[in-house]
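Last residue of the sequence shown? That's 200 in the numbering used here, and every number before it is there in order.
Heads up, the beta-carbon is just placed ideally off N, CA and C, and yes, glycines get one too.
Quick caveat: nothing in here was measured; it's all calculated off a predicted structure.
So the structure is just underneath, and the comments pick up after that.
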Amino acid sequence: MSNVKLAVVFYSMGGTNYQLAKWAEEGAKAAGAEVRVIKVQELAPDSAIEGNEGWKATVNATKDVPVAASEDLEWADAIIFSTPTRFGVMAAQMKQFIDLQGGLWASGKTINKVVSGMTSAQNPHGGQEATLQSLYTAMMHWGAIIATPGYSDPVVFGAGGNPYGTSVTVGQDGKMIEDVEAAVKYQAKRTVTVAEWVKKGNQ
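As C-alpha coordinates, then:
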(Lines of atoms letter the chains of each structure in order from A and count residues from 1; the text may use other names and numbers.)
(Lines give C-alpha, C1' and ligand atoms only; values in the text may rest on other atoms or scores of the structure.)
Protein backbone atom coordinates (compact mmCIF):
# COMPACT_ATOMS: atom_id res chain seq x y z
CA MET A 1 0.00 0.00 0.00
CA SER A 2 1.26 3.48 -0.82
CA ASN A 3 2.15 5.78 2.07
CA VAL A 4 -0.50 8.01 3.60
CA LYS A 5 -0.42 11.51 2.11
CA LEU A 6 -0.86 14.24 4.73
CA ALA A 7 -1.46 17.95 4.18
CA VAL A 8 -0.62 20.16 7.16
CA VAL A 9 -2.56 23.38 6.57
CA PHE A 10 -1.77 26.30 8.87
CA TYR A 11 -2.33 29.97 9.46
CA SER A 12 0.17 31.75 11.69
CA MET A 13 0.50 35.37 12.72
CA GLY A 14 3.07 35.11 15.51
CA GLY A 15 4.81 31.89 14.46
CA THR A 16 3.18 29.49 16.93
CA ASN A 17 1.00 27.59 14.47
CA TYR A 18 3.86 27.43 11.97
CA GLN A 19 5.92 25.69 14.65
CA LEU A 20 3.03 23.33 15.44
CA ALA A 21 2.81 22.53 11.72
CA LYS A 22 6.53 21.73 11.54
CA TRP A 23 6.27 19.40 14.55
CA ALA A 24 3.26 17.72 12.93
CA GLU A 25 5.35 17.23 9.78
CA GLU A 26 8.12 15.57 11.82
CA GLY A 27 5.66 13.29 13.63
CA ALA A 28 3.89 12.28 10.43
CA LYS A 29 7.12 11.59 8.54
CA ALA A 30 8.32 9.43 11.44
CA ALA A 31 5.05 7.47 11.01
CA GLY A 32 5.86 6.93 7.31
CA ALA A 33 3.64 9.59 5.75
CA GLU A 34 4.34 11.79 2.75
CA VAL A 35 3.77 15.35 3.96
CA ARG A 36 3.00 18.77 2.48
CA VAL A 37 3.18 21.76 4.86
CA ILE A 38 1.16 24.61 3.36
CA LYS A 39 -0.10 27.99 4.56
CA VAL A 40 -3.45 29.61 3.85
CA GLN A 41 -3.59 32.94 2.05
CA GLU A 42 -3.06 36.05 4.19
CA LEU A 43 -6.04 38.42 4.12
CA ALA A 44 -4.76 41.25 6.31
CA PRO A 45 -3.49 44.44 4.62
CA ASP A 46 0.26 45.00 4.42
CA SER A 47 -0.15 48.10 6.60
CA ALA A 48 -1.38 45.96 9.51
CA ILE A 49 1.50 43.51 9.12
CA GLU A 50 4.12 46.25 8.81
CA GLY A 51 3.06 47.71 12.14
CA ASN A 52 3.64 44.45 14.03
CA GLU A 53 7.21 43.15 14.33
CA GLY A 54 6.21 39.59 15.30
CA TRP A 55 3.73 39.30 12.45
CA LYS A 56 6.27 40.71 9.98
CA ALA A 57 8.85 38.17 11.19
CA THR A 58 6.40 35.29 10.67
CA VAL A 59 5.51 36.47 7.15
CA ASN A 60 9.23 36.55 6.37
CA ALA A 61 9.90 33.14 7.98
CA THR A 62 7.10 31.52 5.96
CA LYS A 63 7.69 33.32 2.64
CA ASP A 64 8.88 30.12 0.93
CA VAL A 65 6.03 27.95 2.26
CA PRO A 66 3.56 27.17 -0.57
CA VAL A 67 0.06 28.65 -0.35
CA ALA A 68 -2.61 25.98 0.16
CA ALA A 69 -4.83 25.09 -2.79
CA SER A 70 -7.74 22.73 -3.42
CA GLU A 71 -5.34 20.43 -5.27
CA ASP A 72 -3.45 19.84 -2.00
CA LEU A 73 -6.62 18.67 -0.26
CA GLU A 74 -7.56 16.45 -3.18
CA TRP A 75 -4.05 14.91 -3.07
CA ALA A 76 -4.20 14.26 0.68
CA ASP A 77 -5.58 11.22 2.48
CA ALA A 78 -5.42 13.17 5.74
CA ILE A 79 -5.34 16.84 6.74
CA ILE A 80 -4.14 18.51 9.94
CA PHE A 81 -5.33 22.10 10.34
CA SER A 82 -3.50 24.48 12.68
CA THR A 83 -5.05 27.89 13.38
CA PRO A 84 -4.97 30.44 16.19
CA THR A 85 -8.26 31.18 17.91
CA ARG A 86 -10.05 34.42 17.10
CA PHE A 87 -12.85 35.13 19.59
CA GLY A 88 -13.40 31.40 20.10
CA VAL A 89 -13.49 30.39 16.43
CA MET A 90 -10.88 29.74 13.76
CA ALA A 91 -9.02 32.67 12.19
CA ALA A 92 -10.74 34.30 9.20
CA GLN A 93 -7.86 33.30 6.94
CA MET A 94 -8.45 29.60 7.70
CA LYS A 95 -12.22 30.01 7.44
CA GLN A 96 -11.91 31.59 4.01
CA PHE A 97 -9.72 28.74 2.78
CA ILE A 98 -12.32 26.22 3.95
CA ASP A 99 -15.15 28.30 2.45
CA LEU A 100 -13.40 28.22 -0.93
CA GLN A 101 -13.55 24.41 -1.09
CA GLY A 102 -17.17 24.28 -2.25
CA GLY A 103 -16.19 22.76 -5.59
CA LEU A 104 -14.20 20.00 -3.91
CA TRP A 105 -17.06 19.33 -1.50
CA ALA A 106 -19.71 19.33 -4.26
CA SER A 107 -17.76 16.72 -6.23
CA GLY A 108 -17.51 14.44 -3.18
CA LYS A 109 -13.76 14.84 -2.85
CA THR A 110 -13.81 15.80 0.83
CA ILE A 111 -15.60 12.58 1.85
CA ASN A 112 -13.56 10.25 4.10
CA LYS A 113 -10.59 12.60 4.41
CA VAL A 114 -9.16 11.99 7.88
CA VAL A 115 -8.84 15.35 9.65
CA SER A 116 -7.47 16.69 12.92
CA GLY A 117 -6.97 20.19 14.36
CA MET A 118 -4.55 22.17 16.52
CA THR A 119 -4.79 25.70 17.89
CA SER A 120 -3.31 28.38 20.12
CA ALA A 121 -4.59 31.28 22.23
CA GLN A 122 -3.24 33.84 24.68
CA ASN A 123 -5.20 32.32 27.58
CA PRO A 124 -5.77 28.68 28.60
CA HIS A 125 -9.53 29.30 28.43
CA GLY A 126 -9.39 31.74 25.53
CA GLY A 127 -11.50 29.60 23.22
CA GLN A 128 -9.10 26.77 22.41
CA GLU A 129 -11.67 23.96 22.57
CA ALA A 130 -14.36 26.06 20.86
CA THR A 131 -11.98 26.88 17.99
CA LEU A 132 -11.37 23.20 17.31
CA GLN A 133 -15.08 22.49 17.52
CA SER A 134 -15.75 25.25 14.97
CA LEU A 135 -13.27 23.56 12.65
CA TYR A 136 -14.78 20.11 13.21
CA THR A 137 -18.30 21.43 12.53
CA ALA A 138 -17.15 22.32 9.01
CA MET A 139 -15.48 18.92 8.70
CA MET A 140 -18.76 17.15 9.49
CA HIS A 141 -20.27 18.90 6.47
CA TRP A 142 -17.34 17.63 4.42
CA GLY A 143 -18.09 14.03 5.36
CA ALA A 144 -14.58 13.86 6.79
CA ILE A 145 -13.48 11.44 9.50
CA ILE A 146 -12.38 13.42 12.56
CA ALA A 147 -9.40 11.91 14.38
CA THR A 148 -8.95 13.66 17.72
CA PRO A 149 -6.25 12.61 20.19
CA GLY A 150 -8.82 12.12 22.96
CA TYR A 151 -7.00 10.79 26.02
CA SER A 152 -5.38 7.98 24.08
CA ASP A 153 -1.82 8.70 25.24
CA PRO A 154 -0.24 10.24 28.38
CA VAL A 155 1.42 12.98 26.31
CA VAL A 156 -2.01 14.59 25.91
CA PHE A 157 -2.13 15.25 29.67
CA GLY A 158 1.42 16.62 29.65
CA ALA A 159 0.39 19.19 27.04
CA GLY A 160 -2.64 20.46 28.99
CA GLY A 161 -5.12 17.66 28.35
CA ASN A 162 -7.14 18.95 25.41
CA PRO A 163 -8.93 15.90 23.92
CA TYR A 164 -10.11 17.85 20.84
CA GLY A 165 -6.58 18.45 19.57
CA THR A 166 -3.30 19.91 20.74
CA SER A 167 -3.68 23.48 21.95
CA VAL A 168 -1.13 25.80 23.48
CA THR A 169 -1.17 29.02 25.46
CA VAL A 170 1.10 31.78 24.14
CA GLY A 171 2.46 34.35 26.59
CA GLN A 172 2.79 38.09 26.03
CA ASP A 173 6.38 37.46 24.95
CA GLY A 174 5.14 35.30 22.07
CA LYS A 175 6.54 32.09 23.57
CA MET A 176 4.55 28.90 24.16
CA ILE A 177 3.79 28.25 27.84
CA GLU A 178 3.02 24.50 27.73
CA ASP A 179 5.42 21.95 26.25
CA VAL A 180 3.33 20.52 23.41
CA GLU A 181 5.91 19.17 20.96
CA ALA A 182 5.40 15.51 21.95
CA ALA A 183 1.61 15.90 21.87
CA VAL A 184 1.69 17.41 18.38
CA LYS A 185 3.90 14.60 17.08
CA TYR A 186 1.63 12.02 18.71
CA GLN A 187 -1.48 13.65 17.20
CA ALA A 188 0.16 13.57 13.76
CA LYS A 189 1.04 9.90 14.18
CA ARG A 190 -2.52 9.09 15.28
CA THR A 191 -3.98 10.98 12.31
CA VAL A 192 -1.71 9.06 9.92
CA THR A 193 -2.60 5.74 11.59
CA VAL A 194 -6.35 6.36 11.27
CA ALA A 195 -5.83 7.39 7.62
CA GLU A 196 -3.98 4.10 7.05
CA TRP A 197 -6.98 2.18 8.43
CA VAL A 198 -9.37 4.10 6.18
CA LYS A 199 -7.12 3.65 3.15
CA LYS A 200 -6.87 -0.10 3.72
CA GLY A 201 -10.61 -0.36 4.27
CA ASN A 202 -11.29 1.38 0.95
CA GLN A 203 -9.09 -0.96 -1.07
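Where the alpha helix (DSSP H) containing residue i begins and where it ends
i, result
"residue 132", "125 to 139"
"residue 89", "89 to 96"
"residue 167", "Looking at the DSSP string, residue 167 is not in any alpha helix (DSSP H), and its letter there is neither H nor E."
"residue 99", "99 to 103"
Whole-angstrom distance between residue j and residue i, CA atom to CA atom
i, j, result
"residue 0", "residue 184", "17 Å"
"residue 127", "residue 115", "11 Å"
"residue 77", "residue 70", "10 Å"
"residue 119", "residue 129", "15 Å"
"residue 181", "residue 79", "10 Å"
"residue 5", "residue 22", "7 Å"
Proximity test, residue i beta-carbon vs the ligand PLP heavy atom, cut-off 8 Å
i, result
"residue 103", "Looking for the ligand PLP in the displayed structure turns up nothing, as the structure carries no ligands at all."
Residue i (DSSP reduced to helix, strand or coil)
i, result
"residue 114", "strand"
"residue 1", "coil"
"residue 152", "helix"
"residue 195", "helix"
Sequence-distant residues of the same chain with beta carbon closer than 6 Å to residue i, five excluded per side
i, result
"residue 174", "166 and 168"
"residue 148", "160"
Span of the beta strand (DSSP E), counted from its first residue to its last, around residue i
i, result
"residue 75", "75 to 83"
Contact set for residue i: own chain, Cβ-Cβ below 8 Å, skip 5 residues either direction
i, result
"residue 19", "34"
"residue 53", "46 and 47"
"residue 27", "182 and 186"
Sequence ranges, alpha helix (DSSP H) only - wholly within the segment 14 to 72, length at least 4
Qualifying alpha helix (DSSP H) stretches, in chain order: 43 to 47, 50 to 58 and 67 to 72.
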